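Structure first, then comments.
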Amino acid sequence: MTATYEDWLDVYDVVYDAVPGNADVACPNCGHHTLRLVFTADPDRDVGYGSFWCDTCLLGVGLSRVVIPDGAIVRDRRLPPEERVPKVPNFRLVN
Ligand SMILES: [Zn+2]
Numbered sequence: 004m005t006a007t008y009e010d011w012l013d014v015y016d017v018v019y020d021a022v023p024g025n026a027d028v029a030c031p032n033c034g035h036h037t038l039r040l041v042f043t044a045d046p047d048r049d050v051g052y053g054s055f056w057c058d059t060c061l062l063g064v065g066l067s068r069v070v071i072p073d074g075a076i077v078r079d080r081r082l083p084p085e086e087r088v089p090k091v092p093n094f095r096l097v098n
């Protein structure tokens, strides 16, 4: 069974709503509780790009122009990609 894009969005919603807490939900693909949600944005903006992925199977989704919730992990978009922290691995996007 392969997780669809909609499956990923369902889990994304749960994790997003839990920020800055940890929803501790399972990856829809591999079942490990290793999902990560990191935003990339200008520091003075409250809208940015959301990267949501699983550290175990390295699948995930990317979401443009999402509102960044208070307490979220945000990387500075103005920095070169290699200097942004935390590092986002080169995960595979689910379409
Ligand atoms: Zn996984």
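For the sequence shown, the working numbering gives the first residue as 4, with consecutive numbering after it.
Cβ coordinates follow ideal geometry from the N, Cα and C atoms, glycine included.
Since the model is a prediction, treat every value here as computed from it, not as a measurement.
* Asked: If you drop the 5 nearest sequence neighbours on each side, which residues of the same chain put their C-beta closer than 6 Å to that of V64?
  -> W11, F55, V97
Open item on the list: Is any non-hydrogen atom of ligand 1 found closer than 6 Å to the C-beta of H36, if you look at the structure I gave you?
Closed with: no
*S54 CB to nearest chain B CB: under 7 Å?*
Checking the listed chains, one finds no chain B in this structure; it contains a single protein chain.
**OP:** Please report the Cβ distance between C30 and T5, rounded to the nearest whole angstrom; I am assuming they are in contact, meaning their Cβ atoms lie under 8 Å.
**Re:** That belief does not hold up - the Cβ atoms of C30 and T5 are roughly 12 Å apart, past 8 Å.
TODO: Give the DSSP bridge partners of V70, in chain order.
DONE: V50
Note to self: Quick check: the Cα distance between R81 and G24, rounded to an integer number of angstroms?
What the structure shows: 26 Å
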